[in-house]
């Protein structure tokens, strides 16, 4: 280091004194909320391991509500949801549940209005309801009031008949809740004939729906909806491979509609492959190669390679390079991480995955003594916005703590630089000063980690 930096003096008016009279950049409650929404922790550490959420994880959120900023919180929740900034859905749904249970009337009203926007699929809605149930005792409040019943009813009524039919047959239950439970508790009154059919199907079953409508004159939309529900029921009962394939092709049924026995058929997988989303395709490459759906030179391999190299499809599916890299490395090994599934990797698919990797990004990314980058940059007068350290070893501070090296660098270069330390092993280390909003520890690395890095770099969290 060229000179000792006195941390007792602020670098600028934006810094505040911490408990040791050193000066750091303030982490506001809104910053902490952003971090919580993004990766489930208000502090400066991102864990890939699942963390159980409780009120103690959301203290900043509660303070914001108490300060009369609850409606701002709801707006942030909606923004994070709509822009896809979260690595996991649970923290955002937990935050929405807290807002809907709080004592501030305007915050509660805004929270319930946001349910349809934030809970895009049934699993989100079921998770939100379960969080409300979990919070009921600790927040000392009721649950099934008029506002919640209306929010749930609106969630169903705002969807068209076909869209709701797909949603309720693909995502049937989660966390102990089912559509039948929610319809019963919300006292839903369907707003259209299509919704009336779907809700009756949920509560009474296909047989009663069929009996009710078999003699009625039907609109084109109603007839299409009834045929779709009939196909969903038919595929559960048939073992005829050709009939299963026909139902998939005619009604665009998905894997979740099928029985386990159906998935033993190579031809059924070929039918599913025709409309398979890219995320599902990446997950099932090994399976489809193992069961000979994908064989060297066949049309299915050509379709897979074409889709993997389609930049528009990759962009639409929001496929990150890291997702492709994981799929490539897994496929290349010829066996799954768990279980006994084995396959011989197809060379054309390997080439397509490699090409897809480069098509999904535009900017390339690129010792365990985490202070060395800042020390070097200070000595060489190298300007930097963010220092990122990736390591698969145990991290240690060395002779100079990274927090001090970063502050030294900030002062000399007059740059509000940030530091991210990503340990590939999730061992619970912490190097970041939790009160310094420009430092972040990451314990482990998964596909969600990329969103955390991006949001932290852009000052979103």
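Residue numbers (the UniProt record's numbering): 1 to 461. Think of the CB as a built atom: it goes at the ideal place given N, C-alpha and C, for glycine as much as any other residue. Please read all numbers here as calculations on a predicted model, not as lab measurements.
Review point. Does DSSP put residue 335 in a helix, in a strand, or in coil?
Key: strand
Check your understanding: Between which two residues does the beta strand (DSSP E) carrying residue 236 extend?
Key -> Segment 220-237 is the alpha helix (DSSP H) holding residue 236; no beta strand (DSSP E) there.
Check your understanding: Mind checking whether residue 219 and residue 241 have CB atoms under 7 Å apart?
Key -> no
Practice item. Could you tell me if residue 54 is buried or exposed, where buried requires 16 or more neighbouring beta carbons within 10 angstroms of its beta carbon? Key: exposed
Practice item. Taking only the alpha-carbon atoms, compute the straight-line gap between residue 414 and residue 443 and give it to the nearest angstrom. Key: 29 Å
Exercise for review: Indicate whether residue 73 and residue 96 have their beta-carbon atoms separated by less than 7 Å.
Suggested key: no
Review point. Residue 52: buried (16+ other C-beta within 10 angstroms of its C-beta) or exposed?
Key: exposed
Check your understanding: Mind checking residue 390: buried by the 16 CB within 10 Å criterion, or exposed?
Key -> exposed
Check your understanding: Would you say residue 360 and residue 319 are within 7 Å of each other, going by their C-beta atoms?
Key -> yes
Exercise for review: At 4 residues or longer, and completely inside the region 235-322: list those alpha helix (DSSP H) runs for me, N to C.
Suggested key: 241-251, 266-273, 278-290, 299-308 and 311-316
Check your understanding: Where does residue 126 sit, in a helix, a strand or coil, going by DSSP?
Key -> helix
Review point. Across which residues does DSSP place residue 465 in a beta bridge pair?
Key: Lying before the first or after the last residue shown, residue 465 is absent from the chain, which here runs from 1 to 461.
Check your understanding: Span of the alpha helix (DSSP H) holding residue 112?
Key -> 105-118
Review point. Would DSSP call residue 386 helix, strand or coil?
Key: strand
Check your understanding: Would you call the CB atoms of residue 305 and residue 377 closer than 7 Å?
Key -> no
Review point. In chain order, what residues of the same chain have a beta carbon less than 8 Å from the beta carbon of residue 230, not counting five sequence neighbours either side?
Key: 206 and 210
**Study point:** Spatial distance of residue 30 from residue 85 (CA atoms)
**Key:** 15 Å
Exercise for review: Between the Cα of residue 400 and those of 151, 69 and 431, spot the shortest distance and give me the residue it belongs to.
Suggested key: 431
Point to revise | Coarse secondary structure for residue 365, derived from DSSP in three states | key: Its pLDDT being 40, under 50, residue 365 is placed unreliably in this model, and the coordinates cannot settle the point.
Review point. In this structure, does DSSP put residue 360 in helix, strand or coil?
Key: coil
Review point. If residue 158 sits next to residue 103, beta carbons under 8 Å apart, how far is it from one beta carbon to the other, in whole angstroms?
Key: Going by Cβ atoms, the distance from residue 158 to residue 103 rounds to 28 Å, so no, they are not a contact pair.
Point to revise | residue 213 and residue 188 closer than 7 Å at C-beta | key: no
Exercise for review: Give a yes or no on whether the C-beta atoms belonging to residue 405 and residue 433 are separated by under 7 Å.
Suggested key: no
Practice item. Would you kindly work out how many angstroms separate the C-alpha atoms of residue 381 and residue 419, rounded to a whole number? Key: 17 Å
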